[in-house]
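Numbering-wise (the numbering used here), the sequence shown opens with residue 410 and increments by one. Cβ atoms here follow ideal geometry from the backbone N, Cα and C, with glycine treated the same way. These figures come from a predicted structure and were not determined experimentally. Structure, as C-alpha cells:
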Amino acid sequence: MVLEPLRPAKGGFLRPFGCGWFIREFLLGHGPNGSPGIDPDVGAPQADICYRYKTALIKATAMDKATRREEKQARREKRAISPEE
C-alpha cells in the first residue's frame, strides 16, 4: 500500500484577500475589490455581504488564473509580456 501525503499542489489554496478584511472594508463603505460602496451608517444585509465577497473572490481568482496562464504561454513562446495587455 502506497501512502500519499494529503496536501494541495503548489499554489493550491489561493486566497487573494481575507474574508474578515473584506467584510470590514465593505461595511466601512470602501467598496473593496470592485464591490459597490455602501452607506456605513445603514449597513448591508448578511446575504449581500456574502454575495459581494464571493463575487469579488471569483473575479480576483479568475484574474490571477488568466495572468498565470498568460505568463506560462509567454515563457513557452519566449516573448516579453507588456503590462498594458
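- If you draw a 10 Å sphere on the C-beta of A453, you find 16 or more other C-beta atoms in it, and that means buried.
- Between L436 and P425, the CB-CB gap reaches or exceeds 8 Å.
- Taking C-alpha positions only, N442 is separated from A469 by approximately 8 Å.
- Assignment of I447 by DSSP, reduced to helix, strand and coil, places it in the coil class.
- Here the C-alpha atom of P492 lies approximately 18 Å from the C-alpha atom of R485.
- Secondary structure of A469 (DSSP, three-state): helix.
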